[in-house]
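Student: Chains as they are written, first to last, in the numbering used here: chain W, 1 to 432; chain X, 1001 to 1432.
2 protein chains.
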Amino acid sequence: MTTIKPRTMTGTCEYLPEMQRHFSYLLNIIRTTYASFGFQEIMTPSFELKDILLSKEGGETEKQVYFIQSTGALEQNKAPDAALKFDLTIPLARYVAEHERELAFPFKRYQIQPVFRGERAQKGRYREFYQCDIDVVGKETLSIQYDAEIPAIIYNIFSKLNLENFQIQINHRKLLKGIFNHFNIPSNLYEETLRTIDKCDKIGIEKTVETLETLIPKNDVKGLIKLLTYEGSIESTLTFLSNLDITNSDFKAGLDDLKTIFEHLKNMKIPETALKLNLLIARGLDYYTGAVFETILTDHPNIGSICSGGRYDNLASKFTKSNLPGVGISIGLTRLFYQLQEMDFFKTLPQTEKYLILNEEGTDPKTLYDMAIKLRAENKIVDIYFEQAKLKKQFKYASDKAFSHVIFKDHAQDQFLIKNMITGKQIPCFNR
Amino acid sequence: MTTIKPRTMTGTCEYLPEMQRHFSYLLNIIRTTYASFGFQEIMTPSFELKDILLSKEGGETEKQVYFIQSTGALEQNKAPDAALKFDLTIPLARYVAEHERELAFPFKRYQIQPVFRGERAQKGRYREFYQCDIDVVGKETLSIQYDAEIPAIIYNIFSKLNLENFQIQINHRKLLKGIFNHFNIPSNLYEETLRTIDKCDKIGIEKTVETLETLIPKNDVKGLIKLLTYEGSIESTLTFLSNLDITNSDFKAGLDDLKTIFEHLKNMKIPETALKLNLLIARGLDYYTGAVFETILTDHPNIGSICSGGRYDNLASKFTKSNLPGVGISIGLTRLFYQLQEMDFFKTLPQTEKYLILNEEGTDPKTLYDMAIKLRAENKIVDIYFEQAKLKKQFKYASDKAFSHVIFKDHAQDQFLIKNMITGKQIPCFNR
């Protein structure tokens, strides 16, 4: 019989068990930190109805949607009525609108699930990848303190990972709008100006200036760029902004918000070295209306933002007439995991404590079972090698599978020993 | 603006946060028990290439497959080249064959992921549901002790859940084959006879007899049914089988296996009350070749098996020429969760310990942040109510969201109190 070559689809990820353990380690730190701030978990279905998922206009991401069709529907040549979710934001909006009466607001939820995009195959682009989202959704109002809590949570996660050189960069959409207004940029060009500025870290300052000059007068571009590229501590940047001769209400509102957010972050004991007021951060998504966040690894700026989000005025206007302001952030877990691996980040991750009981010919299996039961009652991970094999092979199995301890019989002393596979130290079993 | 009715697709599940907590509780017990026996986690992509997923013949389940197509492919009217996985067995086979050289055998893996089936919409049928699979895959050989370990793990899970009245039922495909052979059932009718017997708990004994009589002589049906419906303890059933005048090698091999498996289960300290040798268990899937398992809730026999599996000779013949025998079992988590809810199982689940710090007007937020930081450093879950609201409303929020503790200021004593929301007891904060 000819066999079919076993392979996965381009753009999907799967890991060998040890790598999967690293992935789960990362996921678990994110999960427990989210939970420690009182966020509740939700999970939504992998697919949603077409009219829920897609807007009439159809943005960039929507072009990458994966439709699903059962064999029957396909045979009948029906148009698909559902598609795989491509982010966790639309499902959240649908969820909150659908369950509005059953939820207590502010609703703080986290969600860690795969999302799907029909990307063209290329390195670092995934067709299925995990997102770890956290959002606070208010009803009618939402305290600005949540705009500080979100980056505080992100700080907590990356601190727990001992990821030293990261920086959470914060800016404000209203502040930018006020600045654009000050430079007489017509409001129909705001969106394009935002997008151009947002790409600055990728395309460089010269190219940014070039593009902006196709939109607005050269002199204004010069002033705008000079303002936005101001470099300094948070305090000096805030002072710099306060001293500018800009008086429109958007600018003022944005600046006030930023002052409040940084003040709260200070009180939340987030060190200033992990934060930055970066006036060039804009975020492409047009639904952000207040603070915006990005997170970069300062030693690897080329990676771009590993975690982004912001404040929005209204989460679910498509599904409900209620006004639901919110603030949230999303970690692209699959991509972050890939980057951390490239940085050899998991090399130093301690082994899991787990025990392999070796199985010598002639040993009563009952003895081995009893040991396993005893150890598992102590919440230990215990495996027994059931195959008939030489001890040498069993020891190799233990090291291949990264068992931290091996248990075997010392015939001279007629007792079982536990060998620590890392230190090599051996002690009698159950006399620890 | 008209809004779109927020709703999910029929046949998908999502839960409100408290129910999601119950789901995660269940999932977590399964996960940690699987891990405690030394199984390693893997996750495979949600979709696989068509030729990997589907066989040429196309079984019942394959008709329910969900194909996926990106917008681009759909517009070009291309035939889909990938589909969502409908079980975790084919992905396991593909995974083991693909990574054969990188894995240490016996390979013990668990996998907890959603699978997808284009089911017609009806109660208790899901289009997306979680499966929790555990398998041991050997290379060329696999010790029969693993056939005992699998039900032992299932016993551990349901014991930890305090689910008292469950029973793991075990039978053997070779034993059945030997019995069929004894009753002169032609081998081309084995499969159909198996399926008929397997349905006996659903359709009843009379209907089973009726169907069997269309296949084999009436007298043989009578003998066969009398044999298969033998009721007794494990020991007496084994004795009954040993004393039968059946001499073919399949029967003998099956009986020997069963004796060995039950002997090991006894040594693993699995109580006999949780086990049964049920000669009517057959399992529909034709790839089982040895022991087969089902698990029933004895107070709810109508539910059917909540967890099934068995031994197979060769996992991945489609993908590799290596001989990979294995044994495994699968818990249908979404369905089990639904059943447990119907039984009011989660009513007694203790609340999560979590703290809400109330936010009275005029309090310095720094004081609240400091308390939160302190408590989180003790690994506690802590939320601060950031909105401006009356204390009464904040207390209501705490009870709506099932906070176990609320922290608020006692102005008379000028100190913060922790109120236990279950007992009502109040103690000073940080003098615990």
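No residue lacks a Cβ here, since even glycine has one placed at the ideal position from N, Cα and C.
1. With a threshold of 16 other CB atoms inside 10 Å of the CB of X:N1431, please say whether the residue is buried or exposed.
2. When you check each C-beta in the segment 1341-1355 of chain X against every C-beta of chain W, which residues fall closer than 7 Å?
3. Using Cβ-Cβ distances below 9 Å, what residues of the segment 1012-1025 of chain X are close to chain W?
4. Could you tell me the distance, in whole angstroms, from the CA atom of W:T352 to the CA atom of X:I1203?
5. 8 Å is my cut-off, CB to CB: does W:M43 come that close to chain X?
6. Would you mind reading off the limits of the alpha helix (DSSP H) that contains X:T1289?
7. Under the criterion of a Cβ to heavy atom distance below 7 Å, does W:E361 qualify as lining the ligand MN?
8. Identify every run of the beta strand (DSSP E) within the segment 86-132 of chain W, keeping only runs that are complete inside it and at least 3 residues long; order them along the chain.
9. Counting only beta-carbon separations shorter than 8 Å, does X:A1477 have a partner in chain W?
10. Quick check on DSSP: helix, strand or coil for W:H172?
11. Distance, Cα to Cα, X:F1116 vs X:R1007?
12. What residue does the beta strand (DSSP E) around X:N1219 start on, and which one ends it?
13. Thinking C-alpha only, which one of W:P106, W:S55, W:R195 is nearest W:A83?
14. Report yes or no: do the segment 342-349 of chain W and the segment 1231-1250 of chain X share at least 3 C-beta pairs separated by less than 8 Å?
15. DSSP state of W:P365, grouped into three classes?
16. Along chain X, in chain order, which residues have C-beta atoms closer than 8 Å to that of W:H99?
17. In the segment 248-274 of chain W, which residues sit with their C-beta less than 7 Å from some C-beta in chain X, listed in chain order?
18. Looking only at DSSP bridge pairs, what is X:V1136 linked to?
19. Determine the extent of the alpha helix (DSSP H) in which W:L53 is found, giving its start and end residues.
20. Please check the pair W:T196 and W:L212, which I expect to be a contact at CB under 8 Å, by giving their CB distance rounded to whole angstroms.
21. Chain W beta carbons: is any one of them nearer than 8 Å to that of X:S1070?
22. Between W:D51 and chain X, is there a C-beta pair that is closer than 8 Å?
23. Could you tell me whether any Cβ in chain W is nearer than 8 Å to the Cβ of X:L1027?
24. For X:G1465, go through chain W and note every residue whose CB falls closer than 9 Å to its CB, in chain order.
25. Please list, in chain order, the residues of the segment 310-324 of chain W that have any C-beta partner in chain X closer than 8 Å.
26. From the DSSP output, read off the bridge partner residues of W:L356.
27. As a quick exercise: from X:Q1069, X:I1042, X:P1106, X:A1389, pick the residue whose alpha carbon is nearest that of W:E18.
28. In this structure, how does DSSP classify X:E1041 when only helix, strand and coil are distinguished?
29. Name the DSSP beta bridge partners of X:I1427, please?
30. Does DSSP put X:Y1015 in a helix, a strand or coil?
31. Note down the Cα distance separating X:C1200 from X:L1280, rounded to an integer number of angstroms.
32. Taking the beta carbon of X:Q1076 as the centre, do at least 16 other beta carbons fall within 10 Å, making it buried, or is it exposed?
33. Counting pairs of Cβ atoms below 8 Å between the segment 1023-1041 of chain X and the segment 1098-1111 of chain X, do you hit three or more?
34. Whole angstroms is fine: what's the gap from W:D81's alpha carbon to W:V96's?
35. Just to confirm the assignment, what range does the beta strand (DSSP E) spanning X:S1317 have?
36. Just how far apart, CA to CA, sit X:L971 and X:I1168?
Tutor: Reading from the atomic positions:
1. Here residue 1431 of chain X refers to the residue found at position 431 when the second sequence is read from its first residue. Only weak support exists for where X:N1431 lies, its pLDDT of 49 falling under 50; the value from the coordinates is given anyway. X:N1431 is exposed by the Cβ-count criterion.
2. Sequence-ordered contacts of the segment 1341-1355 of chain X with chain W read K1354 [C-beta pairs closer than 7 Å].
3. T1012, C1013, E1014, Y1015, L1016, P1017, E1018, Q1020, R1021, F1023, S1024
4. One-based indexing of the first sequence puts residue 352 of chain W at position 352. One-based indexing of the second sequence puts residue 1203 of chain X at position 203. W:T352 and X:I1203: Cα-Cα distance of roughly 48 Å.
5. The sequence position of residue 43 of chain W within the first sequence is 43, counting from 1. Yes, W:M43 lies at the interface with chain X (some Cβ there is under 8 Å from its Cβ).
6. Here residue 1289 of chain X refers to the residue found at position 289 of the second sequence. No alpha helix (DSSP H) holds X:T1289; the beta strand (DSSP E) holding it covers 1288-1297.
7. The model depicted lacks the ligand MN and carries no ligand whatsoever.
8. 107-116
9. No statement about residue 1477 of chain X is possible, as the shown extent of chain X runs from 1001 to 1432 and does not include it.
10. As a first step, residue 172 of chain W is located in the first sequence; it is residue number 172 there, counting from the start. DSSP places W:H172 in the strand class (E or B) of the three-state scheme.
11. Counting from one through the second sequence, the residue named residue 1116 of chain X turns up at place 116. Counting from one through the second sequence, the residue named residue 1007 of chain X turns up at place 7. Answer to the nearest angstrom: the Cα atoms are 19 Å apart.
12. Here residue 1219 of chain X refers to the residue found at position 219 when the second sequence is read from its first residue. Unbroken run through X:N1219 is the alpha helix (DSSP H), 1218-1228; no beta strand (DSSP E).
13. Position 83 of the first sequence, counted from the start, is the residue given in the question as residue 83 of chain W. Answer by Cα proximity: W:S55.
14. no
15. As a working note, residue 365 of chain W is residue 365 in the first sequence. DSSP places W:P365 in helix when its eight states are reduced to three.
16. In the first sequence, the residue the question calls residue 99 of chain W occupies position 99. Residues of chain X passing the Cβ test: L1016.
17. H264, N267, M268, K269
18. Mapped onto the second sequence, residue 1136 of chain X falls at position 136. Paired residue(s): X:K1108, X:V1327.
19. As a first step, residue 53 of chain W is located in the first sequence; it is residue number 53 there, counting from the start. Run containing W:L53: 50-53, per the alpha helix (DSSP H) assignment.
20. Working through the first sequence from its first residue, we reach residue 196 of chain W at position 196. Working through the first sequence from its first residue, we reach residue 212 of chain W at position 212. 6 Å between Cβ atoms; contact.
21. To locate residue 1070 of chain X, count along the second sequence from 1; it is residue 70. It does; some Cβ of chain W falls within 8 Å.
22. The residue given as residue 51 of chain W occupies position 51 in the first sequence. With 8 Å as the cut-off, W:D51 counts as an interface residue toward chain X.
23. The residue labelled residue 1027 of chain X in the question sits at position 27 within the second sequence. Not an interface residue.
24. The question about residue 1465 of chain X has no answer here: the residues shown for chain X are numbered 1001 through 1432.
25. A316, S317, K318, F319, T320, K321
26. Within the first sequence, residue 356 of chain W is the residue found at index 356, counting from 1. For W:L356, which the question treats as bridged, DSSP gives the partners W:D383, W:V406.
27. Counting from one through the first sequence, the residue named residue 18 of chain W turns up at place 18. Of X:Q1069, X:I1042, X:P1106, X:A1389, the residue nearest in Cα terms is X:I1042.
28. Translated into positions along the second sequence, residue 1041 of chain X becomes position 41. Strand at X:E1041.
29. Along the second sequence, read from residue 1 onward, the residue named residue 1427 of chain X stands at position 427. Paired residues: X:I1418.
30. Residue 1015 of chain X sits at position 15 when you count from the first residue of the second sequence. Of the three classes helix, strand and coil, the one that applies to X:Y1015 here is coil, per DSSP.
31. As a position in the second sequence, residue 1200 of chain X is number 200, starting the count at 1. As a position in the second sequence, residue 1280 of chain X is number 280, starting the count at 1. Cα-Cα distance, rounded: 7 Å.
32. Sequence index remark: in the second sequence, residue 1076 of chain X carries index 76 (1-based). So X:Q1076 ends up on the exposed side.
33. yes
34. Along the first sequence, one-based indexing puts residue 81 of chain W at 81. Along the first sequence, one-based indexing puts residue 96 of chain W at 96. The alpha-carbon atoms of W:D81 and W:V96 are separated by roughly 22 Å.
35. Taking the first residue of the second sequence as 1, we reach residue 1317 of chain X at position 317. Careful: X:S1317 lies outside any beta strand (DSSP E) and carries neither H nor E.
36. Residue numbering for chain X in the displayed model covers 1001 to 1432; residue 971 of chain X lies beyond these limits and cannot be assessed.
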